[in-house]
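What follows is one structure encoded as structure tokens, with my remarks underneath.
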Amino acid sequence: MAKLFKYIAEVLSLVSVCFAKDYKVVAVPSEYGGTKVGVVIDDGNALELQPTQNNYLWVGKGNDPSNHYYYVILNDANNVVAAENVGTQIDGTGVDGFAILRTSTESLNDVYGRPYSKAGDLLKPIPRIYEESDGIKKFSELYQEGEVQNIRAYCPDLNQVNAFLSDTGNDREISIQNCELTVISSENEKTVTNVTLELSGQGSRGYPKRPFKVKLDDNSEDKENQKIFSRDKFKLRNCVFDCTYIKNKLAVDLSNSLGLPAGQASPARFYLNDYAFGLYDLAEVFKKKFLKNNFHADEDKPNYGILYKARTYQGVTRNYLVPNPDIYPDIYDLAYVPDDKAATPYNDITELIDWIANTLPTASDDDVEKYINVELLLKDIVVEYLVDHRDGFFIAGNNYFIYRANGKFNIWSFDFDATFDRFAVYPVNTPWEEYQNIPAQYSDTLTRNPLVDGILSREKFKNQFIEILKKTVSEVFNTDSMFPRIGYFQEFLRADMYWDTLVHPPAQMYTALNG
């Protein structure tokens, strides 16, 4: 009988190895004062994990937990220097928070100090009230709902890295080249090489938490090295003007609900080498692929136009589509220019502005709709009005795109971090008729946006605007839809928001911001 017991015990021991759990966790141990990562199963001894993906993902096998498990940070002597079960202390902060005991049996990539790998039942989307844009149909998993992407750039050229971090505003186009980039989601991980990090943003670029534009090597001989989740470029927006971290995301959600070409966005954690930079808003870069997906989806040989990215001039002159040819190159960035239009890049702008001033006042409604994508413009105005986009097209003459597709102009706003009462000039309860007035500090020559005023002065388009506004408020921009969405982000991102307040990126503040 004793031999039988021994036999069964040995078989069960062997079988338990076959059914061992894969433990995988995203962590940068130096952030917590350690050098390695381990897992503690059912309060036993720490099992050391092995580094993969440029020491960003730590993996190993162990028994399935009977009760729980948690991750720990180890030093070279295998002593525990930080542990999830007592709080996720950032090295040097003396602050603990979010004690975690894990019970999941799923084989997902965990993230040290974060209770959720996926949102799961927490996820609360908002309704889609108009047909989705063609661009959203070309969805990329890089912006997967209910996840926070983990992104780490390993850049070995420390001279470039130090120049980037120490710049105080003298080098506006500074970049770091030849980096390796690792992106880890809950179920996938990938590392690509020869990646370039560029400084992004306008008013936000001078803060230690730098905004980044990430460019992959789209000319790589290895096609697997050209893209991540079908994207070869993306932006990491630093949220320095948004303490909620979700204003741009909420506005993009609303825009997509209305079928606008807003692109995709999602939260992401970012590290440069071993430096934690914090929680970012991961956003699409609007280039040729974006234009193809949104404006030429069914065309085999698109006749691409120029994508203009409009902004204010030296932070003073607002850009309201009025004649000012001398500064067109300064206020209309050429985000994408096809070769056949490179010789005369501002012809479309000149024509559009002339049309607004001289043709719009007397044109028929049909002619207006042939020249301007009126429905897109009206939906954009609805979004700008509801989220109070004081830094967008409608009021500020800033942060908007112009793209002419097959003869018709498309105009829509972007960059929604300074919304939801962030830079409010008028009270929230300001009536629509008064809200349309351009504040005196924005313009000393205009009281209304000339294109919007010309469109809304027509009964047909004004009624269309009112219907879009009513539908938006009744079906999506209301407490029943927005509050659960905000509550979801509040819980899902709580640990990351806390973490972001503790990390201190080593980059220098721009001199102009210190003054």
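With mature numbering (1 follows the signal peptide of the UniProt record, and there is no 0) applied, the sequence shown corresponds to residues -20 to -1, 1 to 495, in that order. All residues carry an ideal CB built from backbone N, CA and C; glycine is no exception.
In whole angstroms, what separates the C-alpha of S461 from that of K388?
Within the sequence shown, the letter at position 481 stands for residue 461. Within the sequence shown, the letter at position 408 stands for residue 388. Cα-Cα distance, rounded: 34 Å.
Residue 497 versus G149, R132 and Q140, residue with shortest Cα-Cα distance:
Residue 497 lies beyond the range of the chain shown here (-20 to 495); nothing can be said about it.
Would you mind listing the beta strand (DSSP E) stretches within the region 331 to 412 that are 3+ residues and don't spill past its ends, in chain order?
380 to 385 and 388 to 393
Helix, strand or coil at P191 according to DSSP, with G and I counted as helix
For the purposes of this step, residue 191 is identified with residue 211 of the sequence shown, where counting begins at 1. Here P191 sits in coil by DSSP.
The alpha helix (DSSP H) spanning I116 covers which residue range?
Position 136 of the sequence shown holds residue 116. D114 to K117 is the extent of the alpha helix (DSSP H) around I116.
Where do the ends of the beta strand (DSSP E) carrying G130 lie?
Counting from 1 along the sequence shown, the entry for residue 130 is found at position 150. It should be pointed out that residue 130 corresponds to Asn in this sequence rather than to Gly. Start and end: Q129 to Y134.
Same chain, Cβ closer than 6 Å to K118, neighbours up to 5 away in sequence not counted:
Reading the sequence shown from its first residue, position 138 is the one you call residue 118. Excluding sequence neighbours, K118 sits near N273.
Distance, P282 Cα to I318 Cα
As a working mapping, residue 318 is identified with position 338 in the sequence shown. As a working mapping, residue 282 is identified with position 302 in the sequence shown. Checking the displayed sequence, the identity of residue 318 turns out to be Pro instead of Ile. Each residue's alpha carbon lies about 11 Å from the other.
For L122, does the three-state DSSP call read helix, strand or coil?
In the sequence shown, the residue the question calls residue 122 occupies position 142. Three-state DSSP puts L122 in a helix.
Whole angstroms are fine: how far does the CA of N43 sit from the CA of F(-16)?
Residue mapping note: residue -16 aligns to position 5 of the sequence shown, counting from 1. Residue mapping note: residue 43 aligns to position 63 of the sequence shown, counting from 1. Low confidence applies here, because F(-16) scores a pLDDT of 48, under 50, leaving its location unreliable; read the following figure in that light. F(-16) and N43: Cα-Cα distance of roughly 21 Å.
Could you check which residue in E414, K207, N218 and T83 has the C-alpha nearest to that of R190?
Taking the first residue of the sequence shown as position 1, residue 190 is located at position 210. When only C-alpha atoms are compared, the closest one is N218.
Please tell me whether N378 and A245 are closer than 9 Å, where the distance is taken between their beta carbons.
Along the sequence shown, one-based indexing puts residue 378 at 398. Along the sequence shown, one-based indexing puts residue 245 at 265. No. Outside cutoff.
Below 8 Å, how does it come out for the region 52 to 62 and the region 3 to 20: are there three or more Cβ pairs, yes or no?
yes
How long is the line joining the alpha carbons of A99 and I352, rounded to whole angstroms?
Your numbering for residue 99 matches position 119 in the sequence shown. Your numbering for residue 352 matches position 372 in the sequence shown. Rounded to the nearest angstrom, the two C-alpha atoms are 40 Å apart.
Identify which residue in T162, D261 and F441 has its Cα closest to the Cα of D345.
Within the sequence shown, numbered from 1, the residue matching residue 345 stands at position 365. Of the listed residues, the one whose Cα sits closest to D345 is F441.
State the beta-bridge partners of Q30 as determined by DSSP.
Counted from its first residue, the sequence shown places residue 30 at position 50. Answer is V39.
Give the DSSP-derived three-state secondary structure of K108 in the structure shown.
Mapped onto the sequence shown, residue 108 falls at position 128. Correcting the residue type first, residue 108 is Arg in the shown sequence and not Lys. DSSP places R108 in coil when its eight states are reduced to three.
May I ask you to verify whether the region 253 to 260 touches the region 428 to 439, counting CB pairs closer than 8 Å and requiring at least 3?
no
The beta strand (DSSP E) that contains N174, what's its start and end?
For the purposes of this step, residue 174 is taken as the residue at position 194 of the sequence shown. Taken as a continuous stretch (DSSP letters only), the beta strand (DSSP E) holding N174 covers E169 to L179.
Please list the terminal residues of the continuous beta strand (DSSP E) segment that includes A143.
On the sequence shown, position 163 is the one that residue 143 refers to. Note, A143: premise wrong, no beta strand (DSSP E); alpha helix (DSSP H) at L138 to S146.
With a cut-off of 8 Å on the beta carbons, I'd call F209 and G243 a contact; round off their distance for me.
Walking along the sequence shown from the start, residue 209 turns up at place 229. Walking along the sequence shown from the start, residue 243 turns up at place 263. F209 to G243, Cβ: 14 Å. No contact.
With DSSP as the reference, label Y415 as helix, strand or coil.
On the sequence shown, residue 415 is found 435 positions in, with the first residue counted as 1. Here Y415 sits in helix by DSSP.
Measuring CB to CB, does V220 end up less than 9 Å from A263?
Indexing the sequence shown from 1 puts residue 220 at position 240. Indexing the sequence shown from 1 puts residue 263 at position 283. Cβ distance not < 9 Å, so V220 and A263 don't count as in contact.
In three-state terms, what does DSSP make of N25?
Position 45 of the sequence shown, counted from the start, is the residue given in the question as residue 25. Three-state result, N25: coil.
Can you round the beta-carbon distance between H48 and L88 to whole angstroms, since I take them to be within the 8 Å contact cut?
Here residue 48 is taken as the residue at index 68 of the sequence shown, counted from 1. Here residue 88 is taken as the residue at index 108 of the sequence shown, counted from 1. Wrong, their Cβ atoms sit about 16 Å apart, outside the cutoff.
Rounded to a whole number of angstroms, what is the C-alpha to C-alpha distance between A492 and T292?
Here residue 492 refers to the residue found at position 512 when the sequence shown is read from its first residue. Here residue 292 refers to the residue found at position 312 when the sequence shown is read from its first residue. Spanning the two alpha carbons is a distance of roughly 18 Å.
Is A322 near the ligand HEM, in the sense that its beta carbon is under 8 Å from a heavy atom of that ligand?
This structure lacks the ligand HEM, and indeed carries no ligand of any kind.
By the DSSP assignment, the alpha helix (DSSP H) with P247 in it spans what residues?
Your numbering for residue 247 matches position 267 in the sequence shown. From DSSP, P247 is part of no alpha helix (DSSP H) but of the beta strand (DSSP E) over A245 to L252.
L358 beta carbon less than 9 Å from that of V453:
Along the sequence shown, one-based indexing puts residue 453 at 473. Along the sequence shown, one-based indexing puts residue 358 at 378. In this structure, L358 does not lie closer than 9 Å to V453 by Cβ.
Is the region 144 to 157 in contact with the region 166 to 182, if contact means three or more CB pairs nearer than 8 Å?
yes
Spatially closest choice to R185 from E201, A475 and F144, by CA coordinates
Along the sequence shown, one-based indexing puts residue 185 at 205. The shortest C-alpha separation from R185 is found at F144.
Look up S155 in the DSSP assignment and give the residues it is bridged to.
Locating residue 155 in the sequence shown gives position 175, counting from the first residue. DSSP lists E178 as partners of S155.
Limits of the alpha helix (DSSP H) - the one that G434 falls within:
Stepping through the sequence shown from its first residue, residue 434 is reached at position 454. That run of the alpha helix (DSSP H) goes P430 to L436.
Note the first and the last residue of the continuous alpha helix (DSSP H) segment covering Y3.
To locate residue 3, count along the sequence shown from 1; it is residue 23. That residue, Y3, is in no alpha helix (DSSP H); its beta strand (DSSP E) goes K1 to V6.
Here's a check: name, in chain order, each residue in its chain whose Cβ is nearer than 6 Å to the Cβ of Y110, leaving out the five neighbours to either side.
Mapped onto the sequence shown, residue 110 falls at position 130. Correct list, in chain order: L238 and G239.
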